[in-house]
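Chemist: Got a structure for you, questions after.
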Amino acid sequence: MTESSTLPHYYGHRDRLRARFSEVGGDGLPDYELLELVLFRSIPRRDVKPIAKELMKRFGTFAEVLAASPARLMEVEGIGESVVTDLKIVEASARRLAKGEVAKRPVLSSWASVIDYCRTAMAFMDKEQFRLLFLDKRNALIADEVQQSGTIDHTPVYPREVVKRALELSASALILVHNHPSGDPTPSSADIKMTREIIDAATPLGIIVHDHIIVGREGHASLKGMKLI
Numbered sequence: 001m002t003e004s005s006t007l008p009h010y011y012g013h014r015d016r017l018r019a020r021f022s023e024v025g026g027d028g029l030p031d032y033e034l035l036e037l038v039l040f041r042s043i044p045r046r047d048v049k050p051i052a053k054e055l056m057k058r059f060g061t062f063a064e065v066l067a068a069s070p071a072r073l074m075e076v077e078g079i080g081e082s083v084v085t086d087l088k089i090v091e092a093s094a095r096r097l098a099k100g101e102v103a104k105r106p107v108l109s110s111w112a113s114v115i116d117y118c119r120t121a122m123a124f125m126d127k128e129q130f131r132l133l134f135l136d137k138r139n140a141l142i143a144d145e146v147q148q149s150g151t152i153d154h155t156p157v158y159p160r161e162v163v164k165r166a167l168e169l170s171a172s173a174l175i176l177v178h179n180h181p182s183g184d185p186t187p188s189s190a191d192i193k194m195t196r197e198i199i200d201a202a203t204p205l206g207i208i209v210h211d212h213i214i215v216g217r218e219g220h221a222s223l224k225g226m227k228l229i
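Note that full-length UniProt numbering numbers the sequence shown so that position 98 is 98, with each residue one more than the last.
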């Protein structure tokens, strides 16, 4: 019996999948195969295809697997703390790349990058989060901060705190961002009311609110684009 015939069957699969990735890149692979490639390094001595498929079945997409909480990830057989750490490193890297695109140039001239960043950072979270993008006079990004985290369907937002933080950073403008864990980014009446309250607090101080973006698995909504502000 040759040495190659004694190797586990998944060794050949790993080599073939790596070769395909080298040839066609990540965009040419389905989500579960891209996930397999990540798991290869985390789980070197096990067939990871069933694990990747179970993760996809449970969470839906590659992005949702990365965004899932550690506790939920570890409910899947074969996923331990070290695997979760590796997945979270990939998630953090994706966010850093997306944020880099936003930071390179004036935000209003790279709106698609802003939307991509917001969706990467927040669209697949299981709890609401309210984020603020602070801009200078040239509309370049000064800071990106999570102001509040809430429950599955509510995040408390305080207009005075928003404006106070903008003044601390000498920001001239703001973009408000939050997510809808339900997946539907349609703004609620509470979202619209809160946005208008922040605008009313910011405007007398010379701070412009450019937009309020809501993100979810099903896409995004712009309150300005919908003419709601």
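Ideal Cβ placement from N, Cα and C applies to all residues, glycine included.
With 16 other CB atoms within 10 Å as the buried threshold, where does residue 125 fall?
Modeler: In the sequence shown, the residue the question calls residue 125 occupies position 125. Looking at its Cβ environment, which holds 16 or more other Cβ atoms inside 10 Å, residue 125 is buried.
Chemist: With 16 other CB atoms within 10 Å as the buried threshold, where does residue 45 fall?
Modeler: Sequence index remark: in the sequence shown, residue 45 carries index 45 (1-based). Result: exposed.
Chemist: Would you check if the region 95 to 112 and the region 57 to 74 touch, i.e. whether three or more CB-CB distances between them fall below 8 Å?
Modeler: Contact between the region 57 to 74 and the region 95 to 112 is absent, because fewer than three Cβ pairs lie under 8 Å.
Chemist: Let me make sure I understand the geometry here. Which of 203, 57, 149 has the alpha-carbon closest to that of residue 163?
Modeler: Locating residue 163 in the sequence shown gives position 163, counting from the first residue. Ranking the options by Cα distance to residue 163, first place goes to 203.
Chemist: Given this structure, state the Cα-to-Cα distance separating residue 82 from residue 42, to the nearest angstrom.
Modeler: Within the sequence shown, the letter at position 82 stands for residue 82. Within the sequence shown, the letter at position 42 stands for residue 42. Answer to the nearest angstrom: the Cα atoms are 7 Å apart.
Chemist: Thinking C-alpha only, which one of 21, 159, 60 is nearest residue 201?
Modeler: In the sequence shown, the residue the question calls residue 201 occupies position 201. The option with the nearest alpha carbon to residue 201 is 159.
Chemist: Indicate whether the contact test is met: 3 or more Cβ pairs, each with one atom in the region 164 to 174 and one in the region 133 to 150, closer than 8 Å.
Modeler: Yes, since at least three Cβ pairs between the region 164 to 174 and the region 133 to 150 fall closer than 8 Å, the two stretches touch.
Chemist: Please report the residue range of the beta strand (DSSP E) in which residue 198 lies.
Modeler: Working through the sequence shown from its first residue, we reach residue 198 at position 198. First-last for residue 198: 189 to 202, but that is the alpha helix (DSSP H), not the beta strand (DSSP E).
Chemist: Can you tell me the Cα-Cα spacing of residue 119 and residue 135, whole angstroms?
Modeler: Looking up residue 119 in the sequence shown gives position 119. Looking up residue 135 in the sequence shown gives position 135. Their Cα atoms are separated by approximately 19 Å.
Chemist: Give the straight-line distance between the Cα atoms of residue 12 and residue 38, rounded to the nearest whole angstrom.
Modeler: Against the sequence shown, residue 12 aligns to sequence position 12. Against the sequence shown, residue 38 aligns to sequence position 38. Using only the alpha carbons, I get a separation of about 16 Å.
Chemist: Is residue 77 buried or exposed, if buried means 16 or more other CB atoms sit within 10 Å of its CB?
Modeler: For the purposes of this step, residue 77 is taken as residue 77 along the sequence shown, with counting starting at 1. By the 10 Å Cβ count, residue 77 comes out exposed.
Chemist: The alpha helix (DSSP H) with residue 40 in it runs from where to where?
Modeler: Working through the sequence shown from its first residue, we reach residue 40 at position 40. Segment 31 to 42, the alpha helix (DSSP H) holding residue 40.
Chemist: Where in the UniProt domain "MPN" (107 to 229) do unbroken runs of the beta strand (DSSP E), each at least 3 residues long, occur, reported from the N-terminal end onward?
Modeler: Runs found: 129 to 135, 141 to 149, 173 to 179, 208 to 216, 219 to 222.
Chemist: I'd like to know whether the C-beta atoms of residue 92 and residue 179 end up nearer to each other than 8 Å.
Modeler: Reading the sequence shown from its first residue, position 92 is the one you call residue 92. Reading the sequence shown from its first residue, position 179 is the one you call residue 179. No, the Cβ-Cβ distance between residue 92 and residue 179 is not below 8 Å.
Chemist: Among 53, 192, 138, which has the Cα closest to the Cα of residue 225?
Modeler: By one-based count along the sequence shown, residue 225 stands at place 225. That would be 192, whose Cα lies nearest to the Cα of residue 225.
Chemist: Would you mind reading off the limits of the alpha helix (DSSP H) that contains residue 65?
Modeler: The residue you call residue 65 lines up with position 65 of the sequence shown. Residue 65 -> alpha helix (DSSP H) spans 62 to 67.
Chemist: Chain E beta carbons: is any one of them nearer than 8 Å to that of residue 102?
Modeler: Among the protein chains of the structure shown there is no chain E, as only one such chain exists.
Chemist: Go ahead and pull the three-state DSSP assignment for residue 48.
Modeler: Looking up residue 48 in the sequence shown gives position 48. Coil at residue 48, not helix or strand.
Chemist: Check this for me: beta carbons of residue 213 and residue 177, under 8 Å apart or not?
Modeler: Position 213 of the sequence shown, counted from the start, is the residue given in the question as residue 213. Position 177 of the sequence shown, counted from the start, is the residue given in the question as residue 177. Yes, the pair counts as a contact, with Cβ atoms nearer than the cut-off.
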